[in-house]
Structures are given as C-alpha cells and as structure tokens.
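Number of protein chains: 2
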Amino acid sequence: MSRENTETRTKILQATVETLEQEGGRGVRMGDIAKATGISRQAVYLHFTSRAELLTAAFLFLGDQLDVEGRLAPSRSAATGVERLERYIEFWGNYLPEIYGVAKALMMAQDTDEAAATAWRDRMLAMRDGCRAAIDALYDDGMLASEWTRPKATDALFALLQVPSWEYLTIECGWSNKEYIRRMTATAKRTFID
Amino acid sequence: MSRENTETRTKILQATVETLEQEGGRGVRMGDIAKATGISRQAVYLHFTSRAELLTAAFLFLGDQLDVEGRLAPSRSAATGVERLERYIEFWGNYLPEIYGVAKALMMAQDTDEAAATAWRDRMLAMRDGCRAAIDALYDDGMLASEWTRPKATDALFALLQVPSWEYLTIECGWSNKEYIRRMTATAKRTFID
DNA sequence: GTGTCAATTGACACAGTGTCAAGCAAAAAG
DNA sequence: CTTTTTGCTTGACACTGTGTCAATTGACAC
C-alpha cells in the first residue's frame, strides 16, 4: 500500500481523477483506471490496496491540485460574518463542480464499502467546519437569527449545501453554477440572518 | 413478471418492505428477501424480473399501505398558500421516515441500474409536484418572494427537501423529526415568502 | 389419471473486486 | 560484468451477488 510517492502512483491518481471527472463518477472500474494509466490492473493494486483507498487518495490528490486552502482564504479573511458566509458559499459553489466526479464515486462507494464511508465522512466533516466558521462569524457579529443555535445553524447550512442538492439543481434542473451560488447565498442569508 | 396479485407476490413485497426498513435499505440481497419471505431465491424471480423491479414495486406497495393520497389531503385542502406549504412540509417530514428504508435502497440501486434510476426519478417527480402545487398556491396569494419565479422556487423547495438532506440532519446530526419539520418549515417560509 | 401451476433444487454464466505466484526487464549494487 | 533488487506484467483463481435455465415435486382441477 502507498509506496511513497512513486511516479506511477501519481500517474494512477491523475488518471483516476480524469476518468472520474469524464464519467461523472459513474461506472469506473479498476480495470478502466489501469487502462487509462497505461499499466496493468494488478499494478494499481501494488499502489492502492482497494478501490476505496484509491478513491480516497484521488480525492485528497485533487484537493491539493485545486488548492483548497488557497481558495478558502477569501472566506477566512472576510471582515464581517455576512461576508464570510457569502464567500464560503461562493467557494463551495465553485469548488463542487470541480470535485464532482471524484466525490460522486466516493459517495457511491460509501454504500457498499465501510472504508469509503469513513473517508467520505471525514472529508465532509472538514467541509462542515467551514460552515461552522461562517455561522460562528455571524454569531460574533450578533447577526445569527434568534431561532438558531450555532450548532443547529451549522447543521442546516451544511445540509443546504449537500452534494445531492447541488447535483439536483444543476444537473437535473439545469441551473447554471452562477445561479446556484446566487440563490443559495440568498437563501442562506434569509434563513440565518435576522 | 408480476403474475397478477398472487398471495406470494404480496408476501414478498411485505417482506421486502420490512427487511429494508430494518436494515435502513443497505445490504439487502435477493436471497435475504427470499429467506424473509420463506421461499426460495428463484421463486422471487418468478414474480419480479429483477431487483430493480422488486424495489420499485415495494416502493409503490408501501405508498399504498401508507395512504399517501390521504396524507396529502390536508395540504391540498389548505385555505392559503402559506398553509399549503406548511402542511406539505409536515406531510413530507412524517412520510419520509416511513419510506426511508425502501427509498434508500432504490436510490442506491440507481447508481448501477438504469431501470431503478428511472423508477426513482418518476417517484420523485410525483413528490416534486407537491412542491410545485405549494409554490403555485403561494404565488396565487401574491406571497411568493419577488426574487423567485415559480419553476425556480419549485426546484429550490424540492432541493431543500431532498432525502439525503433529511438523512443527514436526522440520522447524522440527530435532529428529531419534529425539529426537522419545524426548522424546514421556517426555512422555507423565510426563503419563499416575502 | 392427466394436466397445469407454483415452487424447489441445483447448476451455471457473468461482472467486478481482490489475491497469488511466476516471470521479466531494467536499474542498482557488488 | 555479474548478481540482486525493484516495479511491473501475465494469467489464474477465489469470492460475491445477480440473473438464467432445466429438471423435478406436489397440489389441485377436470
């Protein structure tokens, strides 16, 4: 498992990300990834013990490539709670389409694979933390609507931003990503700000 | 396929519903359902051509058992748009936990099975219609917030009520069902009513 | 008795994951 | 310039779960 940072390992991850992105996360088998990488199926297992581990690694790999930390900076440096909320939703709305393929595959693997479930949960907890920070910032400004406690508002904001919800609105309903961000921001502000 | 309404067919559906409810829709195989029914695995295939067909039939069967139509009546007979919205969310919040097991199984089958995907989509379109009706009623009362068109508001309301969102808030975050209904109603009212 | 129908049993094809062992080729080490 | 090591290949195989097929049984109907 995970023979350090071999060149091949990176090529596998790259191919995984590309293939999943292309297929929308659906129906991608270990053999497909091997073929896309240009190696044998068994070679993939020399670097990743299981499909779940590969998907998890690919998700983290993509996160690095996309510079999540850098993208979160505008939200983190916001002057007000409202601004922080706005910028966080904007980050999320721009980030989601880029991770969608890999995220979808990991979500789907969740159903049958315990390891994938844990991995996905961990990743989502990290995202939830951004929601918590935005809500806390609102609260510190005295702007959090009185009906919400901070934990409940965090739960609700994160629920609002769930992947399936984005999936439904953009892919199913045909909303543009810009519209998704605009309307979700408006909804969040109406919901959480007094 | 579907040899009319044999007694065995009903027993299979009943066992399917119970088993899925019990297991939260996860990890239930054709053989498990056969065992729960007290028949052989092959006998199940005498009544349902595929797992997808069985799950779909179980979903409809459960819908009848739970009297969806009857439960929707309060929302349909609401005097005002606001009331209609409130009652629809209340219906949905009480309905969802009861169908969760079967719904989850059908949702999961979606990922690999085209027939299951279509079946689930159809069922959800029916539910979406309730959202549309509630939004239309609001609009007719002149209460729909100016930033929303009726179709967009329908999309958004339905997205708010997605199964994964409910799943997250109740199962993951531990919200009671009552709290889910209360907070979702409040959120919807803040979002869609001017 | 002879059909017919529902269900049983057991075998099997198929897809996909994951494992194992033998071999091979090129780089590293003596 | 051999030997060893490393990374990969090839091919076979176990396992799980779905769906199919054929032969058989048992009951009830005519």
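Here the protein sequences line up with chains W and B, keeping their order.
The first sequence runs contiguously to residue 1043 in the numbering used here.
The second sequence runs contiguously to residue 1043 in the numbering used here.
We put the beta carbon where it would ideally sit given N, CA and C, even for glycine.
Item, Value
"Residues from the stretch 943–974 of chain W in contact with chain B, defined by Cβ distance under 7 angstroms", "Met957 and Asp960"
"Boundaries of the alpha helix (DSSP H) in which Trp997(W) is found, first to last residue", "Looking at the DSSP string, Trp997(W) is not in any alpha helix (DSSP H), and its letter there is neither H nor E."
"Proximal residues of chain B, C-beta to C-beta of Leu1018(W) below 8 angstroms", "Asp1004, Ala1005 and Ala1008"
"Cross-chain neighbours of Ala914(B) in chain W, by beta carbon under 9 angstroms", "Just to set this straight, residue 914(B) is Gln in the shown sequence, not Ala. Near Gln914(B) there are no residues of chain W at all, since even the closest Cβ is about 26 angstroms away, more than 9 angstroms."
"Segment contact, 8 angstroms Cβ cut-off, at least three pairs: the stretch 881–896 of chain W with the stretch 1031–1043 of chain W", "no"
"Best match in Cys980(W), Asn943(W) and Leu869(W) for proximity to Arg925(W) [C-alpha to C-alpha]", "Cys980(W)"
"Below-8 angstroms beta-carbon distance, Leu987(B) vs any chain W residue", "no"
"For Ile1042(B): DSSP bridge partner residues", "Leu993(B)"
"Short Cβ contact (8 angstroms threshold) for Ala986(B) with Leu1006(B)", "no"
"contact_flag[the stretch 868–881 of chain B, the stretch 1009–1023 of chain W] where n(CB pairs < 8 angstroms) is 3 or more", "no"
"Pair within 8 angstroms by beta-carbon distance, Ala901(B) and Asp962(B)", "yes"
"Cβ-based burial, Gly1023(B) [other Cβ within 10 Å; buried from 16]", "exposed"
"Euclidean distance between Cα positions of Met879(B) and Ala864(B)", "11 angstroms"
"Proximity of Thr1034(B) and Ile938(B) at Cβ, strictly below 8 angstroms", "yes"
"Short CB-CB distance (under 8 angstroms) between Arg1039(B) and chain W", "yes"
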